[in-house]
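Report on the following structure.
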Amino acid sequence: MRFTADKPLETDTVKAAIAEAEAALSGQGRLLVRPSGTEKLIRVMAEGDDEALVKRVVANVAGAVRSA
């Protein structure tokens, strides 16, 4: 997803959303959030057995990045 803030992954809101997502996925999946090296893009990827949980945590983290 595109972002406008200088460093959205360093904001408290995004850090909290990532921590909550990791806690929700604990033992059931994994989360990867990383910036592109060449564009103003953040990749939010998750995987796990519970599709609804994975979609929810990705949406929450993506929403936090958008509002950063």
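If you're matching positions, the sequence shown starts at -4 in our numbering and goes up one per residue.
Every residue gets a Cβ at the ideal spot worked out from N, C-alpha and C, and that includes glycine.
All of these numbers come straight from a predicted model, not from anything done at the bench.
If you follow the beta strand (DSSP E) that ALA63 is part of, which residue opens it and which one closes it?
In the DSSP assignment, ALA63 falls outside any beta strand (DSSP E) and carries neither an H nor an E.
Rounding to the nearest angstrom, what Cα-Cα distance links MET(-4) and ALA57 in this structure?
It is roughly 8 Å from the alpha-carbon of MET(-4) to the alpha-carbon of ALA57.
For the beta strand (DSSP E) containing GLU42, name the first residue and the last one.
37 to 43
Below 9 Å between beta carbons: does that hold for LEU26 and VAL9?
no
Chain C within 9 Å of GLU5, Cβ atoms only
Looking at the structure shown, chain C is missing, and only one protein chain is on hand.
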